[in-house]
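Okay, so here's the structure we're looking at.
In the working numbering, the protein residues as written are 10 to 164.
Dropping the structure here:
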């Protein structure tokens, strides 16, 4: 079952349970039962769970996958206009562009404050240099417009 439909179904059942517990809480107050104040907490928590399940279900966006792409870690993200991911040294070179495309498609524009509305995504590899040091080599770069979602790959 897809996560969205599972969350919607869980939210529905939690909503029904919350409504039933709310009715039981009203009955408990009218009958002056001992655990009536505990029922207030239980019913309000159940209603909140139902609301949170529904909110998460409508905001859920599944990750996109591109054929031939590798999963790479993001090593730098300034939160506005630059993201750098590390490409493994032993990975095939034909997977560079699909990996960059997948990375760019899965970045969320919410919360980013780029002045020109464009985010730059770089894929880099570390090459060995002298004396045990290494130097970063940018393999490819992509630019994504945050307003239109347009993606440009630059090998």
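Here a beta-carbon is modelled for each residue, glycine too, at the ideal position from N, C-alpha and C.
Fair warning: this is a prediction, and the values are worked out from it, not measured in the lab.
When DSSP labels each residue in this structure, what does residue i get in the three-state scheme?
i           : result
residue 73  : coil
residue 52  : helix
residue 133 : strand
residue 152 : strand
residue 119 : coil
residue 139 : helix
residue 23  : helix
residue 144 : strand
residue 16  : helix
Tell whether a beta-carbon distance below 8 Å holds between residue i and residue j.
i           : j           : result
residue 93  : residue 133 : yes
residue 49  : residue 34  : yes
residue 79  : residue 100 : yes
residue 109 : residue 139 : no
residue 104 : residue 141 : no
residue 151 : residue 163 : yes
residue 127 : residue 86  : no
Nearest to residue i by alpha carbon, out of the options?
i           : options              : result
residue 147 : 130, 13, 138 and 153 : 130
residue 156 : 137, 122 and 135     : 122
residue 27  : 152, 38 and 59       : 59
residue 135 : 127, 160, 95 and 128 : 95
residue 22  : 71, 36 and 62        : 62
residue 71  : 11, 137 and 161      : 11
residue 15  : 64, 137 and 81       : 64
Residues in its own chain within less than 7 Å of residue i by CB, not counting five upstream and five downstream?
i          : result
residue 47 : none
residue 13 : 66 and 69
From residue i to residue j, what distance separates their C-alpha atoms?
i           : j           : result
residue 24  : residue 119 : 29 Å
residue 17  : residue 42  : 33 Å
residue 45  : residue 97  : 60 Å
residue 116 : residue 30  : 41 Å
residue 84  : residue 91  : 11 Å
residue 89  : residue 125 : 10 Å
residue 19  : residue 82  : 33 Å
residue 39  : residue 32  : 11 Å
Going along the chain, which residues of its own chain have a beta-carbon closer than 6 Å to the beta-carbon of residue i, five neighbours each way excluded?
i           : result
residue 75  : 107, 110 and 111
residue 102 : none
residue 161 : 152
For residue i, which residues of its own chain have a beta-carbon under 8 Å away from its beta-carbon, when the five flanking residues on both sides are left out?
i          : result
residue 52 : 27, 30, 31, 33 and 34
Less than 7 Å between the CB of residue i and some heavy atom of the ligand FMN, yes or no?
i          : result
residue 46 : Looking for the ligand FMN in the displayed structure turns up nothing, as the structure carries no ligands at all.
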